[in-house]
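Participant: This is the structure I want to talk about, given as structure tokens.
Numbering (the working numbering), first residue to last: 6 to 417.
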């Protein structure tokens, strides 16, 4: 009884009646598109009309998701991915190959045939119930014996219409429950056909992960190219310049001490520029990482650290290049952060391969309290590791110690 006196019967009736009218319009559009498309297939235009019939489910589904809010508080998400900025041909081909498009077309057919028919049936039951409910008033307003609520059985007077009024009350209640039942069935069907599937979310996540890895690979390739160009081009030219200046200094000898002093200073500046360029090349992509692997590259970084670093990396064989570079730059960034911010007196790097994952632990005995929100580079490290579906765990209580744990799949 609470249901009958709530707003849900009105919502259900409004939902079904509007859906019946909308479904009839959709049915007419489907019939016209398919019929004319089949007739005009021989001249090619019909194929466009048939494609339009196949894509008709998309605007219908978009309207239905909004109309479902009348009876369903849960908003359905759009299962289609964004294709903004692409051409018409690519858009059409992409939409026709999506399973969501064909599920929406199936829902459109059900709306046009099944749910619109069910809505009209509920509307007829509701209209009949209202007429029976108002039968005493109808008989009273007309001459006695002229009103036939049942064919061939005129109602002689107003009191004789009371049984029909009781039947109208029953029919009114039945139409309310029938409307709720049909609306509930339509909502369940819409959730099944119009909402994104879990596998579609998984496909999007997989494609997003693949695109991120492709970007990382492209970034690594570009770094290798820059490193190679600097190593084989500018670095060699600086070496040649240093040698040329040394030869010029030897040629002058003691004949022109002022010029010799200028040449010596120029040779020193060229050597300094060469050292800076080598440091830059090493920072872009160290050659030792390519030639000898992760352990040797991290050990070289440890030798240049102003804080003593203990390196214990025991990984059998070589790992994929992207895994090694991610582990190397994550380790160097963590060591740099510890040197700048932690106040540590010693650092330790431990690396092991456990199953199909590479585990790296970078520990310092500093003051702790590392916070990604303060711009210490931890967020960037986590983003770099997440490219390989790895994770970064930071433990840094106040007073220390701080431990950065990196886990990445060895497969890359």
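C-beta: ideal position from N, C-alpha, C; glycine also.
From this set, 190, 111, 315 and 136, which residue's C-alpha is nearest residue 77's C-alpha?
Facilitator: It is 190 whose Cα lies nearest to the Cα of residue 77.
Participant: I believe residue 1 touches residue 391 by the beta-carbon criterion, under 8 Å. Please report the beta-carbon distance rounded to the nearest angstrom.
Facilitator: This structure gives no information on residue 1, because the portion of the chain shown stretches from 6 to 417.
Participant: With distances taken between CB atoms, is the gap from residue 137 to residue 172 smaller than 9 Å?
Facilitator: Contact: yes.
Participant: Who are residue 364's beta bridge partners in DSSP?
Facilitator: Residue 364 pairs with 357 and 412.
Participant: Take residue 460 as the anchor and find which of 62, 303 and 21 has the nearest alpha-carbon.
Facilitator: The displayed coordinates of the chain run from 6 to 417. Any statement about residue 460 would go beyond what the structure contains.
Participant: Can you tell me which of the three DSSP states residue 388 falls into?
Facilitator: In this structure, residue 388 counts as helix in the three-state DSSP scheme.
Participant: Secondary structure at residue 76, three-state DSSP: helix, strand or coil?
Facilitator: Reduced to three states, the DSSP call for residue 76 is coil.
Participant: To which residues does DSSP link residue 396 through a beta bridge?
Facilitator: DSSP, once it has assigned bridges, lists 412 as partnering residue 396.
Participant: For a quick check, are the C-beta atoms of residue 299 and residue 356 less than 9 Å apart?
Facilitator: A contact, by the Cβ cut-off of 9 Å.
Participant: Please indicate yes or no: does the CB of residue 311 lie closer than 8 Å to some heavy atom of the ligand GTP?
Facilitator: This structure lacks the ligand GTP, and indeed carries no ligand of any kind.
Participant: On the DSSP bridge list, what partners appear for residue 407?
Facilitator: Residue 407 pairs with 369.
Participant: Roughly how many angstroms separate the alpha carbons of residue 194 and residue 103, rounded to a whole number?
Facilitator: If I take the Cα positions, the gap works out to 19 Å.
Participant: Hey, how far is the Cα of residue 53 from the Cα of residue 94?
Facilitator: C-alpha separation (whole angstroms): 12 Å.
Participant: Can you tell me the Cβ-Cβ gap for residue 140 and residue 169, rounded? I've got them flagged as a contact below 8 Å.
Facilitator: With a Cβ gap of about 4 Å, residue 140 and residue 169 count as contacting.
Participant: Contact between the region 100-115 and the region 13-24: three or more CB pairs below 8 Å?
Facilitator: Because the criterion of three Cβ pairs below 8 Å is not met, the region 100-115 and the region 13-24 do not touch.
Participant: Compare the C-alpha of residue 101 against each of 71, 72 and 61 and name the closest.
Facilitator: When only C-alpha atoms are compared, the closest one is 61.
Participant: Kindly list the residues whose CB is nearer than 7 Å to the CB of residue 96, restricted to its own chain and excluding five residues on each side of it in sequence; keep chain order.
Facilitator: Closer than 7 Å at the Cβ level, and outside the excluded window around residue 96, lie 88.
Participant: Can you grab the Cα-Cα spacing for the pair residue 73 / residue 20, in whole Å?
Facilitator: The straight-line gap from Cα to Cα measures roughly 8 Å.
Participant: According to DSSP, is residue 2 part of a helix, a strand, or is it coil?
Facilitator: Nothing about residue 2 can be read from this structure; the chain reaches only from 6 to 417.
Participant: Using the Cα positions of residue 313 and residue 98, report the straight-line distance between them to the nearest angstrom.
Facilitator: Cα to Cα, residue 313 sits roughly 60 Å from residue 98.
Participant: Please identify the residue among 354, 9 and 297 whose C-alpha is closest to the C-alpha of residue 321.
Facilitator: When only C-alpha atoms are compared, the closest one is 297.
Participant: Provide the residue span of the alpha helix (DSSP H) that contains residue 42, from first to last.
Facilitator: 13-44 is the extent of the alpha helix (DSSP H) around residue 42.
Participant: In this structure, how does DSSP classify residue 319 when only helix, strand and coil are distinguished?
Facilitator: Residue 319: strand per DSSP, three-state reduction.
Participant: Could you please give the first and the last residue of the uninterrupted alpha helix (DSSP H) stretch that includes residue 98?
Facilitator: Residues 93-102.
Participant: Tell me whether residue 27 is buried or exposed, calling it buried when 16 or more other Cβ atoms sit within 10 Å of its Cβ.
Facilitator: Per the 10 Å Cβ criterion, buried.
Participant: Determine the DSSP secondary structure at residue 139, reduced to helix, strand or coil.
Facilitator: DSSP places residue 139 in coil when its eight states are reduced to three.
Participant: Report the option in 387, 70, 410 and 412 whose CA atom is closest to the CA atom of residue 198.
Facilitator: It is 70.
Participant: What are the residues that DSSP puts in a beta bridge with residue 352?
Facilitator: According to DSSP, which records beta bridges pairwise, residue 352 is partnered with 314 and 369.
Participant: Tell me which residue opens and which closes the alpha helix (DSSP H) that residue 2 is part of.
Facilitator: Here the chain has residues from 6 to 417 only, and residue 2 is not among them.
Participant: Sort 362, 309 and 192 by Cα distance to residue 66 and report the nearest one.
Facilitator: Taking only the C-alpha atoms, the option nearest residue 66 is 192.
Participant: Cutting at 6 Å between CB atoms, please list the residues of its own chain near residue 420, excluding the five before and the five after it.
Facilitator: Nothing about residue 420 can be read from this structure; the chain reaches only from 6 to 417.
Participant: Let me check understanding here. Comparing Cα to Cα, which of 269, 200 and 367 lies closest to residue 81?
Facilitator: Comparing Cα positions, the closest option is 200.
Participant: In this structure, how does DSSP classify residue 82 when only helix, strand and coil are distinguished?
Facilitator: Looking at residue 82 - three-state DSSP - the assignment turns out to be coil, as it is neither helix nor strand.
Participant: Give the C-beta separation of residue 347 and residue 295 to the nearest angstrom, bearing in mind that I take them to be a contact with Cβ-Cβ under 8 Å.
Facilitator: At roughly 30 Å, the Cβ-Cβ gap does not stay under 8 Å, so residue 347 and residue 295 are not in contact.
Participant: Would you give the residue range spanned by the alpha helix (DSSP H) that residue 180 belongs to?
Facilitator: Looking at the DSSP string, the run of the alpha helix (DSSP H) that includes residue 180 is 167-199.
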